[in-house]
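The next block holds one structure in the form of structure tokens; read it before the comments.
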Amino acid sequence: MSGASRTPEALISYATWISLPPYGFTSNIFPWICWSLWTSRNRLIFEKRPSTAPEVFLQSLTAIKEWDQAQLQINRPTTSQSIINQPHVHQRPNPHTLFCNTDAAWQSMTGKAGMVWVFTNQEGLEVTHGNLSQDHVSSALMAEALAVRNALLRAIDLNFNSIWLRSDSQVLIAALSPRRHPTELYAMLSDIATISSSSFRFCRFIFIKRDLNGLADSYAKACLHSGPSLCNP
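When the letters of the sequence shown are read in order and numbered with numbering that gives the first Met the number 0, they come out as residues 0 to 232.
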């Protein structure tokens, strides 16, 4: 931001901003930073207590995580079906459920990742797909987790509230168990758990073999080598 005159525009546009890992929250942090700056200003004026930039940022992080946790407790649907991490695909979904295949391609030398999500109906016909290229991704597993997170956010945008999400990363599907969060993915998996439990009537994660995920795999590799692109409408 170049000046205070742009603050109103930022306040209007902040709702479209996406929080990136590894901070472990799903809401937008911009209004919380504004609030922390305001309260820090008041402390300086009325109590003569200055605050450093790291202190203001830490206060913002603490506040947004407390807010997200409170919303999770309030908004958790009492009638929704729980997320089930199930490596088998023999169970039949309900008629309104869409499948979502995710995949990611990652370059270890550059840290660049191409991520994709493909929504299909139960006849196997593609409904829509989206992809995203991102730099500074720490590992292939993180790229797979980012693909899942972005797929869930896209499903919310499209008002898809019943999905079976399928990934060929067996490690990621196992890590989605509440008891098995790897340290590297803890914040990201917490985000995924928060989004999936609070925004869907039904959301299940399952593992599929790589040869059954060919379309998503080809899209992810193309995205990695061609650069960023926008999700399909």
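The beta carbon of each residue, even a glycine, is placed where N, CA and C say it ideally should be. Bear in mind that the values here come from a model prediction, so they are computed numbers and not experimental data.
{"Check": "Serine 217 versus Ser39, Pro94, Asn100, residue with shortest Cα-Cα distance", "Outcome": "Asn100"}
{"Check": "Leucine 152 - DSSP class collapsed to helix/strand/coil", "Outcome": "helix"}
{"Check": "Pick from Thr109, Arg40, Pro94, Ala186 that is closest to alanine 144, judged by C-alpha positions", "Outcome": "Ala186"}
{"Check": "Beta carbon of isoleucine 162 nearer than 9 Å to that of phenylalanine 118", "Outcome": "yes"}
{"Check": "Sub-9 Å separation of leucine 211 and glutamate 125 beta-carbons", "Outcome": "no"}
{"Check": "DSSP three-state assignment for isoleucine 207, whether helix, strand or coil", "Outcome": "coil"}
{"Check": "Supposed contact pair isoleucine 207 and valine 147 - C-beta distance, whole angstroms, cut 8 Å", "Outcome": "About 13 Å; that fails the 8 Å criterion."}
{"Check": "Among Pro53, Ser138, Val136, nearest to serine 35 - alpha-carbon criterion", "Outcome": "Pro53"}
{"Check": "Assigned secondary structure, isoleucine 166 (DSSP; H/G/I helix, E/B strand, else coil)", "Outcome": "First, the amino acid is wrong: residue 166 is serine here, not isoleucine. Three-state DSSP puts serine 166 in a strand."}
{"Check": "Element boundaries [beta strand (DSSP E), containing leucine 97]", "Outcome": "97-105"}
{"Check": "Run of the alpha helix (DSSP H) containing methionine 187, from where it starts to where it stops", "Outcome": "185-198"}
{"Check": "Burial state of glutamine 169, where buried means 16 or more other Cβ atoms lie within 10 Å", "Outcome": "exposed"}
{"Check": "Per-residue burial, phenylalanine 45 [other beta carbons within 10 Å of its own, 16 or more giving buried]", "Outcome": "exposed"}
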